[in-house]
Amino acid sequence: MGYTDTMPPEIKQRIIQELVPGKQISLAHIIANPDNILYAKLGLDPALTYSRSAIGVMTVSPAETAIIMADIAIKSAGVDLGFVDRFSGSLIITGTVSEVEASVNAILDYVGEKLGFVTCEITRT
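This note's numbering runs 625 ahead of the 1-based position in the sequence shown.
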């Protein structure tokens with residue numbers, strides 16, 4: 626911060642930043658046919674690389690909603706939970722491309738319509 630007439634140069638300002646979460650899904654991404662190394666680096670079961678062909682990655686705020694999203698994911702299609710974190714709002718699911726896509730769509734539909742969340746579009750690589 627620059628020097629002004631009202632603030633002597635020896636006084637430093639402290640800025641406090643706070644996260645004020647809205648109700649939103651900020652990331653919904655499907656990775657089709659990931660390399661085997663990606664499974665290992667994510668800490669996912671390497672056996673899934675032979676029977677599964679997609680990874681779904683989602684982030685949500687408030688973070689506790691990740692629990693609800695995980696429940697919807699496993700009930701809506703034959704996906705496996707790779708990771709769910711109620712503190713960061715992260716969810717990773719694995720399955721076939723169609724299973725992962727069905728789960729991600731079911732999650733977006735539910736939180737958008739029933740919980741009133743702002744959702745993002747699904748991206749793919």
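Here a beta-carbon is modelled for each residue, glycine too, at the ideal position from N, C-alpha and C.
Please read all numbers here as calculations on a predicted model, not as lab measurements.
- Of all C-beta pairs linking the stretch 680-688 to the stretch 728-740, three or more are shorter than 8 Å, placing the two stretches in contact.
- Closest by C-alpha distance to F708, out of Q638, A665 and A657, is A665.
- Between the alpha carbons of L652 and E726 lies a distance of about 14 Å.
- A695 is positioned such that its CB atom lies closer than 7 Å to that of L716.
- Close CB contacts of G741 within its chain, under the 7 Å cut and outside five residues either way in sequence, are with K648 (chain order).
- By the Cβ-count criterion, G668 is exposed, with fewer than 16 other Cβ atoms from all chains shown falling within 10 Å of its own Cβ.
- The beta carbon of S678 lies closer than 6 Å to those of N658, T721 and V722 in the same chain, with the five residues before and after it left out.
- Counting only residues of its own chain and dropping the five nearest sequence neighbours on each side, C745 has a CB closer than 7 Å to the CB of I650, S651, L652 and A653.
- Sixteen is the threshold: when 16 or more other Cβ atoms of the shown chains lie within 10 Å of the Cβ of E724, as they do, the residue is buried.
- Looking at the DSSP output, S651 shares a beta bridge with no other residue.
- The beta carbon of A691 lies closer than 7 Å to those of V685, V709, D710, R711, G714, S715 and L716 in the same chain, with the five residues before and after it left out.
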